[in-house]
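The structure under discussion appears below in the form of structure tokens.
Protein chains: 2
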Amino acid sequence: MINPDAPEPVYVQLAEIIGGKIKAGELAGRLASERALAVEYGVSYGSVRHAMELLREQGLVRSVHGRGTFAVPPVA
Amino acid sequence: MINPDAPEPVYVQLAEIIGGKIKAGELAGRLASERALAVEYGVSYGSVRHAMELLREQGLVRSVHGRGTFAVPPVA
DNA sequence: GCCCATTTGTACGTATGTATG
DNA sequence: GCATACATACGTACAAATGGG
Numbered sequence: 001m002i003n004p005d006a007p008e009p010v011y012v013q014l015a016e017i018i019g020g021k022i023k024a025g026e027l028a029g030r031l032a033s034e035r036a037l038a039v040e041y042g043v044s045y046g047s048v049r050h051a052m053e054l055l056r057e058q059g060l061v062r063s064v065h066g067r068g069t070f071a072v073p074p075v076a
Numbered sequence: 101m102i103n104p105d106a107p108e109p110v111y112v113q114l115a116e117i118i119g120g121k122i123k124a125g126e127l128a129g130r131l132a133s134e135r136a137l138a139v140e141y142g143v144s145y146g147s148v149r150h151a152m153e154l155l156r157e158q159g160l161v162r163s164v165h166g167r168g169t170f171a172v173p174p175v176a
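Chains Z and B supply the protein sequences, listed in that same order. Per the working numbering: the first sequence = residues 1 to 76. Per the working numbering: the second sequence = residues 101 to 176.
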């Protein structure tokens, strides 16, 4: 899924994939841990962190220290 | 200047120091390179990158690929 | 109250890519 | 072509918060 050679940075691609799933309702509740996502998508922990930062800015996820990262349910 | 043991993260401290200098007019034009700043303040390249990201969000600096990072002059 | 596992947060260093001059 | 500088990506280590036993 992730293409390191694409013009779009890895962290942007990852944010789009995960963000798309959340918007499509395919992903809800708690996400896999950041390190687990790194393994799952074959990218580094730092890239996952960067992607999550984008998703937080977009209001699609909320991270809680010590608990995890959660998909924000749609308003309605 | 930077205290790694302070409750405030290193990258926040650095952003405050540099941002404060810009606001005070002590810093203008092109900043030292990110790697030079890392050496100057005794922090890692990543921490400088993170601090710069905060300053860009605050509109205090503007980075140009291949040229450098510049203090944004006050509006008036 | 205390340990322990899990998870996010911070910090570090390095390598490679890309744009500018 | 080369040097400089920002951008991306990787991996690692430790700190801090949470929750369960």
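We put the beta carbon where it would ideally sit given N, CA and C, even for glycine.
Report all residues from its chain with a CB closer than 6 angstroms to the CB of residue i; omit the five preceding and five following residues, and keep chain order.
i, result
"B/S147", "V110, Y111"
Taking residue i as part of the beta strand (DSSP E), name the residues at either end of that continuous run.
i, result
"Z/R115", "Outside the shown range of chain Z (1 to 76) lies residue 115 of chain Z, about which nothing can therefore be said."
"Z/G68", "68-71"
So what's residue i in DSSP terms, helix, strand or just coil?
i, result
"B/A151", "helix"
"Z/R56", "helix"
With a CB to CB cut of under 8 angstroms and the five nearest residues on each side skipped, what residues in its chain are close to residue i?
i, result
"Z/E34", "Y45, V48, R49, M52, T69"
"B/V172", "I122, G159, L160, V161, R162"
If you follow the alpha helix (DSSP H) that residue i is part of, which residue opens it and which one closes it?
i, result
"B/V139", "134-141"
"B/E116", "110-123"
Leaving out the 5 sequence neighbours to the left and right, which residues in its chain are closer than 7 angstroms to residue i when beta-carbon positions are compared?
i, result
"B/V143", "I102, V110, L114"
"B/P104", "V110"
Report buried or exposed for residue i, applying the criterion of at least 16 other Cβ atoms within 10 angstroms of its Cβ.
i, result
"B/A128", "exposed"
"Z/A36", "exposed"
"Z/V61", "buried"
"Z/A24", "exposed"
"B/A138", "buried"
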